[in-house]
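Numbering (this note's numbering), first residue to last: 24 to 275.
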């Protein structure tokens, strides 16, 4: 019980939150690192996964990329990346070589759920909905943007949600190579036998992860065209995608 009391006092102490090594500064570092890694992974993985799903090809590639990404230990990859002496890496971005290595490792860690969900989301669009769009005279590109992509968004958003929480939690390992983030609070606390500081850092990581999960869940619900269609305050002029969903049978 004494440890929990000390942790509580550490969190209530204003000095714990201020300064270049305080909780606020480390929190902002990890948020920036997480957001950058997630956006980069989305730009790299989602376009390819969505287009392959639209074409109905490359399923083997998408699954195997995801399996390989899950099999590679993130910390081992981080250690290899930070040991590589790339020209200019020491001055890259606000966090130097350790930050760059962590960013690359987190991007690779975020790719599997994004690629898998992007591909699966497109493949799960009912074939009769696609045929209805073709019957309306849509081109293949129009069908992709106006019908398939809106219907795939809930599954895609689920992958983004999973990647976001995973990247946020995993970003704490940056501290093991002197990188940025709340992991520094945890490792420095335990290194000095200040277990209250270490526990406080872990508590902040867990609370922010919960907030990110709740926010991402709300975005995922908002991305679902079926939930929007059932909303009593929706626009009376539905989009082509929502019209197709409500009028065409869902199929098996």
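For glycine and all other residues, C-beta sits at the position ideal for the given N, C-alpha and C.
Note that the structure is predicted; figures quoted are calculated from it, not measured.
Query                                                                                                                          : Result
Extent of the continuous alpha helix (DSSP H) to which residue 140 belongs                                                     : 119-146
Short Cβ contact (8 Å threshold) for residue 186 with residue 149                                                              : no
Nearest residue (CA-CA) to residue 40, options 67, 66, 208                                                                     : 208
Through-space distance from residue 121 to residue 201, alpha-carbon basis                                                     : 6 Å
Reduced DSSP category for residue 41 - H, G, I as helix; E, B as strand; rest coil                                             : coil
Same chain, Cβ closer than 6 Å to residue 184, five either side skipped, listed in chain order                                 : 239, 243
Nearest-angstrom Cα separation, counted from residue 229 out to residue 192                                                    : 8 Å
Cut-off 7 Å between Cβ atoms - residues of its own chain near residue 61, not counting five sequence neighbours on either side : 133, 186, 187, 190
Collapsed DSSP secondary structure at residue 24 in the structure displayed                                                    : coil
Beta-carbon spacing of residue 13, residue 128 below 8 Å                                                                       : This structure cannot speak to residue 13, because the chain is shown only from 24 to 275.
Cβ neighbours of residue 67 in the same chain (closer than 8 Å, five flanking residues each side left out)                     : 130, 134
Contacting residues, own chain, Cβ-Cβ under 8 Å from residue 232 (five flanking each side not counted)                         : 188, 191, 192
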